[in-house]
Amino acid sequence: MNKTYVEMKNICKTFGVIRANRNVNFSVYEGEIHGLLGENGAGKSTLVNMLSGIYTPDSGSIFIHGEQVNIHSPKHAIELGIGMIHQHFKLIDVLTAAENVLLGHSQSVFISNKSRIKSIQNVMEKYGMEIDLNKRIMDMSVSEKQTVEILKVLYRGSKILILDEPTAVLTPQEIDKLFTVLKNLAETGCAIIIITHKLNEIMSVTDRVTVLRQGETVSTLETRKTNIRELTELMVGKPVNLSIERIHSRKGDLLLSVKGLTALGEHNVPVLDNVTFDLYEGEILGVAGVAGSGQKELCETIAGLYPVEKGDIYFKGENIVGFSPREIIKRGVSMSFIPEDRLGMGLVPSMNMIDNMLLKDYVNQPGITVNRKPAKEKAERVSKRLEIQAPSIYTAIRKLSGGNIQKVLLGREIDANPHLLITAYPVRGLDIGASYNIYDLLKEQKQKGVGILYIGEDLDVLIELCDRIMVLCDGKVTGITGSESITKEGLGLMMAGETLSSIKKGDVVCKS
Amino acid sequence: MQIIKREGTSTKQIIMIRLIAIIAAIIVSGIFIVFLGYNPVKVYVNMISGALGSKIRFRATLLEMVPLVITSLGILVAFKMKFWNIGGEGQILMGAFGATYIALFVDWIPKPLVIPVMFIVGFLAGGIWGIIPAFFKANFGANETIMTLMLNYIATQWITYLQYGPWRDPDLKGFAKIANFPDHALLPKVFGIHIGLIISLVLVIIISWFLRRTKRGFEISVVGESVSTARYAGMDISRIIITTMLLSGGLCGITGVIQAAGVNKTLTMNVSSGYGFTAVITTYLSGLRAQRVLIVSFLFAILLQGGSYIQSALQIPQAAADVLQGMILFCALGSEFFVNYKVRFRKNSISSEVK
């Protein structure tokens, strides 16, 4: 039997009236990847925050390497060998990877020197990690940044790693890479705690999993002896139907017709290259692709936020290229793009729900003053309809949880009764219940005859939810296919650049 | 010892922190005064009575407050948009320049209309001085801090040039000064104080309403918080930046008009006398709320007026009075840190949490 690295016994923590953790018991062994599973608000973050010294438990005891400790500060946690990798990276953009790793650790005046870099390289070699140490953080992709975060923690000698929703911002390929690194780490004797609510990730990477529900430990299971269905039931507390029922609605009129759309990015490299597709009323057209294949630019060109180099966008027969964003909004095009940091575009973090509801509507009000009454009604309506958990509609959006922020954005866009709804990553980082809630909302819109352009990450969901799927690779359309006649593997190949016709010849990855 | 960001500070805590800051300022400054060889209690009493002690002194304090209030409102509008306008000085001078042109060199305007026209022209002249950096920021992404600062120097030199050159009063032989305004171009007085005071109070109400209730005010807040969200919502960012800076510069311009036509009675470099920079502090201390600008400016005026009073009453050197003002300001601004952060002391023993 391996040594127990972490043991938490009867941990309780309350915040005001909320009992975030009630008698939680939790242990992690050497060389183990341990999943912490639970819906939003189940108490996962609270629990690990007590391990990393951000909170102290009200009662209960924590043992690290068998010794009882009272972790009183993040610094103390680091000294105990506990390293936390947060969902939002805490890196300094203008510094290089090496400088970030050494930051706060180095005692000398000069941040970088050869021997230190050598020791970082040793750590990387030991765990089989790859990163350019001289690259600045601002030039890095999300997954590279995450690698730096992990490296930072390892360099400080942490043997216990906590990862808070590490995959929420990664592409499938990047997730695979991360998991390989994690497995390497476990093999060399680290104990890894990974917080997630993505069940397939739990299944593929963890050795054991602890399920939390409403602040209590429901159960700790060995991953290979359980399955997704059981875990879902434990997590939600009741059996859940995991398939998305596809609604077959009557195909309506042509709504959006994009022809030869080309847009340029940095250094005049095309980010959208001759993109052509049609979208009908009452249809969900899915867009698949690795991150950065032109999804963002596609959304933004249609919404009038990104300059079009060539090509036409016909909305209800009218070419909207060159129209201002406001003119496009007026025609009934709604866009909700959930960026990686969730707050980047579409909402004003410091304002409350009411003012955020006003964002697009205020301009249509008569006179020079704003009337917040209709916005208040709208906020109440949206918040009821999407079951938004917020102290009140007067709370600044910034203070809500990620899932609720997304609901505010999507809710506002749906409430505007659009003809065309563009939605990108609407379930990013949401738990199961909330995700299915959003799928239901989208299906409801589809039934109303709204045309939906759905940019998603989860291929299973794309296949189940959408009528047709368009695959983008480097800004080019590699194929548009009916979602019932394609498999996940087929989509994967197209995402990597194979065209639909070439994979159809192979006939392995297409259903009849 | 740890420094921790506070999660939402309650009003009660904020008031406590501010009170402690003021007490700390009084004590520290008191020690300083003792070292100078004065009785701190006497100095403080003199400061207060110098600012509020008699009708005349109180009036002088209010006169000091007016330019601070109006300039702060101008700066506030820009800061709300996260446009760091530190060009208040230049905008004040240009506003005064516009008013002076009307007062001295335009004789076809009927006399009762001269003052209203001076305000309009002053507003526009200050506004144009605000629009210049706004235009470059909106179209070329120029750094507004540098540009507004540089425009201060251009305005200063321009006024100096006028004073020694084309606008020099030929009747004053050998003395470089612009002619005094004719009587009909001087601000009328109410209760012994020029109408600038009333204007400043009305402007506080208007700007407060403007930012909270109007569409333009809403747009300014959105642009200030997130430009990408504003663009997404269909707002015309360039137009908003430029019109907001017209207002910001225009308000500073009005300060210039009032100082020229109400206090100096002509155009001199004293018209601005640092209000453009002082207003940055008062605006910051007000937490970008129009009503609080009034309170902060009043307290600041007491500090300025009381400071200059003790110089003459107790023969305290000006430098020492400035140090006093500086220390009080330091404590007031320093308390800002404790509003946002708390310091936690703890030892490495079990359950030694100090909140």
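Protein chains in written order, with my numbering: chain A, 1 to 512; chain B, 1001 to 1355. No residue lacks a Cβ here, since even glycine has one placed at the ideal position from N, Cα and C. Note that the coordinates shown come from a computational prediction; the quantities given were computed from them, not determined experimentally.
Check the Cβ of residue i against every Cβ in chain B and list those closer than 9 angstroms, keeping chain order.
i: M345/A; result: S1226, S1228, T1229, R1231, Y1232
i: L305/A; result: S1228, R1231, Y1232
i: P418/A; result: By Cβ distance, chain B contributes nothing, its closest Cβ being about 14 angstroms from P418/A, past 9 angstroms.
i: R326/A; result: A1233, G1234, M1235, D1236
i: M351/A; result: S1221, V1222, E1225
Alpha carbon to alpha carbon, how far is residue i from residue j?
i: E230/A; j: T210/A; result: 12 angstroms
i: I1022/B; j: A1301/B; result: 16 angstroms
i: R19/A; j: K13/A; result: 6 angstroms
i: R1057/B; j: I1014/B; result: 31 angstroms
i: E444/A; j: M351/A; result: 29 angstroms
i: Q1325/B; j: A1025/B; result: 10 angstroms
i: A77/A; j: I193/A; result: 15 angstroms
i: S1221/B; j: R412/A; result: 19 angstroms
i: A1185/B; j: F315/A; result: 60 angstroms
i: Y155/A; j: T1283/B; result: 45 angstroms
i: E1353/B; j: F1119/B; result: Summary for E1353/B: the model assigns pLDDT 39, below 50, so the residue's position carries little reliability; its value from the coordinates is reported in the next sentence. Approximately 59 angstroms, taken between the alpha carbons.
i: G451/A; j: L255/A; result: 7 angstroms
i: K3/A; j: S61/A; result: 18 angstroms
i: E489/A; j: E464/A; result: 14 angstroms
i: L491/A; j: D164/A; result: 29 angstroms
i: I120/A; j: A396/A; result: 41 angstroms
i: A1134/B; j: G1256/B; result: 20 angstroms
i: G317/A; j: N274/A; result: 19 angstroms
i: G1127/B; j: G1262/B; result: 20 angstroms
i: T223/A; j: L459/A; result: 23 angstroms
i: K1012/B; j: T56/A; result: 26 angstroms
Should residue i and residue j be called a contact, given that it needs their Cβ atoms to be closer than 9 angstroms?
i: E281/A; j: G449/A; result: yes
i: C190/A; j: S143/A; result: no
i: I1086/B; j: L1149/B; result: yes
i: G1196/B; j: I1237/B; result: no
i: I455/A; j: A496/A; result: no
i: D431/A; j: H197/A; result: yes
i: I33/A; j: D176/A; result: no
i: G43/A; j: H72/A; result: no
i: N21/A; j: G215/A; result: yes
i: P426/A; j: L400/A; result: no
i: M470/A; j: I480/A; result: yes
Since residue i meets chain A, which of its residues come closer than 8 angstroms, beta carbon to beta carbon?
i: F1218/B; result: D355, L358, Y362, V370
Residues of chain B with CB closer than 7 angstroms to the CB of residue i, please, in chain order.
i: V348/A; result: V1222, E1225, S1226, T1229
i: I64/A; result: Ordered by position in chain B, no residue passes the 7 angstroms Cβ test against I64/A, which lies about 14 angstroms from the chain.
i: I329/A; result: G1234
Residue i versus chain A: which residues are under 7 angstroms apart at the beta carbon?
i: T1214/B; result: I368, T369, V370
At 8 angstroms on the CB atoms, spell out the chain B contacts of residue i, in chain order.
i: I302/A; result: Chain B residues near I302/A: none, gap ~13 angstroms exceeds 8 angstroms.
Is residue i near the ligand FMN, going by C-beta to nearest heavy atom under 8 angstroms?
i: S1208/B; result: Annotation note on the ligand FMN: not contained in the displayed structure, which lists no ligands.
Start-end ranges of the alpha helix (DSSP H) lying completely within the stretch 1093-1157 of chain B, minimum 4 residues: For the stretch 1093-1157 of chain B, whole alpha helix (DSSP H) runs of length 4 or above, ordered along the chain, are 1111-1140.
Continuous alpha helix (DSSP H) assignments of at least 4 residues falling wholly in the stretch 454-480 of chain A: Listed in chain order, they are 459-465.
Ordered list of alpha helix (DSSP H) runs contained in the stretch 1198-1271 of chain B, each at least 4 residues: Segments of the alpha helix (DSSP H) lying fully in the stretch 1198-1271 of chain B: 1215-1225, 1227-1232, 1237-1258.
Three CB pairs or more closer than 8 angstroms across the stretch 1266-1284 of chain B and the stretch 1095-1108 of chain B: The answer is yes - the stretch 1095-1108 of chain B touches the stretch 1266-1284 of chain B, with three or more Cβ pairs under 8 angstroms.
contact_flag[the stretch 1251-1258 of chain B, the stretch 1271-1290 of chain B] where n(CB pairs < 8 angstroms) is 3 or more: Flag = yes, the stretch 1251-1258 of chain B and the stretch 1271-1290 of chain B touch.
Alpha helix (DSSP H) runs wholly inside the stretch 390-449 of chain A, at least 4 long, in chain order: As far as the stretch 390-449 of chain A is concerned, its whole alpha helix (DSSP H) runs of at least 4 residues are 402-415, 432-447.
Contact between the stretch 1120-1139 of chain B and the stretch 1232-1249 of chain B (3+ Cβ pairs under 8 angstroms): Judged by pairs of C-beta atoms under 8 angstroms, the stretch 1120-1139 of chain B touches the stretch 1232-1249 of chain B, as three or more such pairs exist.
Contiguous beta strand (DSSP E) assignments of at least 3 residues, all confined to the stretch 210-237 of chain A: Within the stretch 210-237 of chain A, the complete beta strand (DSSP E) runs of at least 3 residues are 216-222.
Contact between the stretch 111-131 of chain A and the stretch 176-190 of chain A (3+ Cβ pairs under 8 angstroms): Three or more beta-carbon pairs drawn from the stretch 111-131 of chain A and the stretch 176-190 of chain A are found closer than 8 angstroms, and the two stretches are therefore classed as touching.
Within the stretch 247-291 of chain A, ranges of the beta strand (DSSP E) (whole runs, at least 3 residues): Taking 3 residues as the shortest admissible run, the stretch 247-291 of chain A contains the following complete beta strand (DSSP E) segments, listed from N- to C-terminal end: 254-264, 270-280, 284-288.
Start-end ranges of the alpha helix (DSSP H) lying completely within the stretch 23-78 of chain A, minimum 4 residues: Along the stretch 23-78 of chain A, the alpha helix (DSSP H) occurs as fully enclosed runs of 4 or more residues at 44-51, listed in sequence order.
Meets three-Cβ-pair contact criterion under 8 angstroms: the stretch 372-381 of chain A and the stretch 323-334 of chain A: The stretch 372-381 of chain A is not in contact with the stretch 323-334 of chain A.
Length at least 4, wholly inside the stretch 1011-1054 of chain B: the alpha helix (DSSP H) runs in chain order: The qualifying runs are 1011-1036, 1040-1052.
Cβ contact check for the stretch 255-272 of chain A and the stretch 290-301 of chain A: 3 or more pairs under 8 angstroms: A contact exists between the stretch 255-272 of chain A and the stretch 290-301 of chain A.
contact_flag[the stretch 1101-1121 of chain B, the stretch 1309-1317 of chain B] where n(CB pairs < 8 angstroms) is 3 or more: The stretch 1101-1121 of chain B and the stretch 1309-1317 of chain B do not touch, with fewer than 3 CB-CB distances between them shorter than 8 angstroms.
Three CB pairs or more closer than 8 angstroms across the stretch 1029-1044 of chain B and the stretch 1207-1227 of chain B: No contact exists between the stretch 1029-1044 of chain B and the stretch 1207-1227 of chain B.
The stretch 200-219 of chain A in contact with the stretch 33-52 of chain A per 3-pair CB rule at 8 angstroms: As far as the Cβ criterion goes, the stretch 200-219 of chain A touches the stretch 33-52 of chain A, which means the pair count is three or higher.
Cβ pair count under 8 angstroms reaching 3, the stretch 1219-1235 of chain B against the stretch 1119-1133 of chain B: Contact between the stretch 1219-1235 of chain B and the stretch 1119-1133 of chain B is absent, with fewer than three C-beta pairs closer than 8 angstroms.
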